[in-house]
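Undergrad: So that we are looking at the same thing, I have put the structure below in structure tokens.
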Amino acid sequence: MSFVSIVSDLLPLISTSPVLYHAVIAVGALNANRHTGGRALKGEKSPCVDAMTSYHKSMGILRSSLGNRDVMQKEDVLWATFFLGLFELLSDESGEGWVKHMLYGTSKMLQLAGPTGCVSSARRVFYDLFRVLEASRALLYNEETILSQECWLGLQKSLSSSATRWDPMEEIITLMIETSAFSLRAGAIIDMIPETERFTDPSVALIAAEGLHVQETIYDWHTKALLQLVQDSPNSYSNLALLYYHALLIFVSGNYDYFPYWDNIAAPVLSHAEISEHLTTMVYLSGEVLCHSNIPGVMLLFPLTVAGARARRVDQRLEILNLLNQIFCKGFVVANKIRDNLLERWADRDQEQTINLST
Numbered sequence: 001m002s003f004v005s006i007v008s009d010l011l012p013l014i015s016t017s018p019v020l021y022h023a024v025i026a027v028g029a030l031n032a033n034r035h036t037g038g039r040a041l042k043g044e045k046s047p048c049v050d051a052m053t054s055y056h057k058s059m060g061i062l063r064s065s066l067g068n069r070d071v072m073q074k075e076d077v078l079w080a081t082f083f084l085g086l087f088e089l090l091s092d093e094s095g096e097g098w099v100k101h102m103l104y105g106t107s108k109m110l111q112l113a114g115p116t117g118c119v120s121s122a123r124r125v126f127y128d129l130f131r132v133l134e135a136s137r138a139l140l141y142n143e144e145t146i147l148s149q150e151c152w153l154g155l156q157k158s159l160s161s162s163a164t165r166w167d168p169m170e171e172i173i174t175l176m177i178e179t180s181a182f183s184l185r186a187g188a189i190i191d192m193i194p195e196t197e198r199f200t201d202p203s204v205a206l207i208a209a210e211g212l213h214v215q216e217t218i219y220d221w222h223t224k225a226l227l228q229l230v231q232d233s234p235n236s237y238s239n240l241a242l243l244y245y246h247a248l249l250i251f252v253s254g255n256y257d258y259f260p261y262w263d264n265i266a267a268p269v270l271s272h273a274e275i276s277e278h279l280t281t282m283v284y285l286s287g288e289v290l291c292h293s294n295i296p297g298v299m300l301l302f303p304l305t306v307a308g309a310r311a312r313r314v315d316q317r318l319e320i321l322n323l324l325n326q327i328f329c330k331g332f333v334v335a336n337k338i339r340d341n342l343l344e345r346w347a348d349r350d351q352e353q354t355i356n357l358s359t
């Protein structure tokens with residue numbers, strides 16, 4: 001799942017596709033700019049200038065390609081949307097450019113091509129990578145994803161059933177997608193109920209029951225994953241999958257434990273001790289993935305955001321900030337946006353606690 005290995009696999013396609021070539025060059029030049037500190041060789045342009053030039057060339061070709069009838073079947077155009085989105089992750093701290101590329105570029109093209117367009121070997125590689133990033137985006141930004149639609153869930157179920165063995169990583173991504181969809185649906189139902197009626201409305205109890213089922217499914221995944229780890233040695237991807245597991249449990253709990261109308265109803269709420277234990281494990285696993293694998297740091301933004309939202313101790317917060325800084329130093333400047341949001345959240349929470357203690 002390393003972006004570097006993906007580029008090497010795509011070399012034949014890159015060499016014949018201007019839109020993909022310029023998109024990859026843009027990402028490569030941006031990476032070179034980071035390593036050189038923006039310095040150019042004598043007589044050469046700054047890598048940053050090359051990066052922006054290539055980015056705009058690729059975008060121009062992409063726009064002109066979208067008018068072609070067969071554009072949805074073109075592998076190079078699909079991959080170009082991915083690398084252009086990656087460029088945004090490496091250059092735009094807000095993350096908004098990446099979100100737009102994922103929503104209105106890559107997702108739109110996949111939607112128009114349909115699930116049956118993802119069964120070829122080349123499309124399968126793209127689809128697997130897209131699932132991880134799209135599931136994280138949906139959870140991070142609390143937004144819908146095409147992958148929660150029945151046709152796409154059906155595709156994944158078909159792919160999983162035909163696999164020679166169970167893949168914990170693929171399954172946890174499915175759980176991320178389903179959990180995101182559940183969270184949005186539950187939130188929409190609650191929003192329709194007047195606040196004064198939320199303590200008595202039967203829909204609230206039904207959402208609690210459904211949340212318990214979601215939580216139980218996540219626990220079942222963990223049991224199955226641990227049994228497989230007894231047979232197989234842990235690796236970077238099993239660590240990433242476990243990291244997502246811990247983050248999902250806290251995320252599900254967060255749908256309930258901030259609101260008083262769940263207090264007297266059986267709901268998937270974790271105790272402070274359980275959250276702290278999950279958080280400690282998440283920090284450890286994040287460090288392992290960052291230091292001992294080539295997995296892109298962007299894949300850790302969702303769990304680190306979840307961990308940061310629950311971090312109360314100074315040592316926990318410092319560890320999370322250090323991990324986000326490592327991701328930033330690897331080129332993903334959007335990590336600074338996550339950092340700033342957490343710092344603001346912590347300041348607000350600490351101020352609120354100080355006020356409560358003084359009253």
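Numbering (my numbering), first residue to last: 1 to 359. For glycine and all other residues, C-beta sits at the position ideal for the given N, C-alpha and C.
If you scan the segment 43-95 from start to end, which runs of the beta strand (DSSP E) of 3 or more residues do you find wholly inside it?
TA: none
Undergrad: Could you tell me the boundaries of the alpha helix (DSSP H) in which Phe-302 lies?
TA: 301-310
Undergrad: Around the C-beta of Val-230, are 16 or more other C-beta atoms found within 10 angstroms, so that it is buried, or is it exposed?
TA: exposed
Undergrad: Quick one: give me the first and last residue of the alpha helix (DSSP H) that Ala-266 is part of.
TA: Neither: Ala-266 is in no alpha helix (DSSP H) and is coded neither H nor E.
Undergrad: Hey, Ile-177 and Leu-147 are a contact pair by Cβ (cut 8 Å); roughly how many whole angstroms apart?
TA: 5 Å
Undergrad: Taking Leu-295 as the reference, which of Gly-331, Ser-91, Val-24, Gly-95 has the closest Cα?
TA: The question names Leu, but residue 295 is Ile in the sequence shown. Here the closest residue by C-alpha is Gly-331.
Undergrad: Check for me: the alpha helix (DSSP H) holding Thr-179 runs from which residue to which?
TA: Segment 168-192, the alpha helix (DSSP H) holding Thr-179.
Undergrad: Should the segment 195-208 be regarded as contacting the segment 270-280, the criterion being three or more beta carbon pairs within less than 8 Å?
TA: When C-beta atoms of the segment 195-208 are compared with those of the segment 270-280, fewer than three pairs fall below 8 Å, so the two segments do not count as touching.
Undergrad: Quick check on Ala-29: buried or exposed, where buried means 16 or more other Cβ atoms within 10 Å of its Cβ?
TA: buried
Undergrad: Taking the alpha carbon of Met-59 as the point to measure from, which residue in Thr-164, Val-283, Ile-25 has its own alpha carbon closest?
TA: Ile-25
Undergrad: Since Leu-20 and Ala-113 should fall inside the 8 Å C-beta cutoff, what is the C-beta to C-beta distance between them, to a whole number of angstroms?
TA: Actually they do not touch by this definition, with Cβ atoms about 17 Å apart.
Undergrad: With burial defined as no fewer than 16 other Cβ atoms inside 10 Å of the residue's Cβ, what is the status of His-22: buried or exposed?
TA: buried
Undergrad: Name the two residues that bound the continuous alpha helix (DSSP H) containing Met-109.
TA: Boundaries of the alpha helix (DSSP H) around Met-109: 107-113.
Undergrad: Measuring straight from C-alpha to C-alpha, what distance separates Ile-14 and Glu-195?
TA: 55 Å
Undergrad: Report the option in Ala-247, Arg-310, Arg-123, Leu-133 whose CA atom is closest to the CA atom of Val-99.
TA: Leu-133
Undergrad: Sorted by chain position, which residues of the same chain lie with C-beta nearer than 8 Å to Arg-345's C-beta, five sequence neighbours on each side aside?
TA: Gly-308, Ala-309
Undergrad: Give a yes or no on contact between the segment 214-225 and the segment 150-159, applying the rule of three or more CB pairs nearer than 8 Å.
TA: no
Undergrad: Can you tell me where the alpha helix (DSSP H) holding Ser-136 begins and where it ends?
TA: 121-141
Undergrad: Smallest Cα separation from Ala-51: which of Gly-254, Val-125, Asp-76, Ser-91?
TA: Here the closest residue by C-alpha is Ser-91.
Undergrad: Is it true that the CB of Ala-247 sits closer than 9 Å to the CB of Ser-180?
TA: no
Undergrad: In the DSSP assignment, find the unbroken alpha helix (DSSP H) run with Leu-242 in it and report its ends.
TA: 236-254
Undergrad: So is Gln-351 buried or exposed if we call it buried at 16+ other beta carbons inside 10 Å?
TA: exposed
Undergrad: What's the C-alpha gap between Phe-87 and Thr-164?
TA: 35 Å
Undergrad: Report yes if the CB atom of Gly-105 is closer than 9 Å to the CB atom of Leu-84, and no otherwise.
TA: yes
Undergrad: Can you tell me which of Met-299, Val-283, Asp-232, Asn-142 puts its alpha carbon nearest to the alpha carbon of Arg-313?
TA: Val-283
Undergrad: So what's Lys-100 in DSSP terms, helix, strand or just coil?
TA: helix
Undergrad: Return the first residue and the last residue of the alpha helix (DSSP H) that Gly-154 is part of.
TA: 150-161
Undergrad: Could you spell out where the alpha helix (DSSP H) holding Pro-202 opens and where it closes?
TA: In the DSSP assignment, Pro-202 falls within the unbroken alpha helix (DSSP H) covering 202-231.
Undergrad: Around the Cβ of Gly-187, are there at least 16 other Cβ atoms within 10 angstroms (buried) or fewer (exposed)?
TA: exposed
Undergrad: Check whether the segment 257-265 and the segment 318-332 are in contact - that is, three or more C-beta pairs closer than 8 Å.
TA: no
Undergrad: Exposed or buried, which one is Ala-209 when buried takes at least 16 other CB atoms within 10 Å?
TA: By the Cβ neighbour-count rule, Ala-209 is exposed, with fewer than 16 other Cβ atoms within 10 Å of its own.
Undergrad: How would you write the range of the alpha helix (DSSP H) that Leu-324 sits in, first residue to last?
TA: 314-329
Undergrad: In its own chain, which residues sit with a C-beta less than 8 Å from the C-beta of Cys-48, not counting the 5 before and 5 after it?
TA: Same-chain partners within the cutoff: Ala-29, Leu-30, Asn-33, Gly-38.
Undergrad: Could you tell me the distance, in whole angstroms, from the CA atom of Ile-61 to the CA atom of Met-109?
TA: Roughly 16 Å between the two C-alpha positions.
Undergrad: Using only the alpha-carbon positions, how far apart do Gly-287 and Asn-325 sit?
TA: 12 Å
Undergrad: Give the C-beta separation of Val-173 and Arg-131 to the nearest angstrom, bearing in mind that I take them to be a contact with Cβ-Cβ under 8 Å.
TA: Before going on, a small fix: residue 173 reads as Ile here, not Val. So it is a contact: roughly 5 Å between Cβ atoms.
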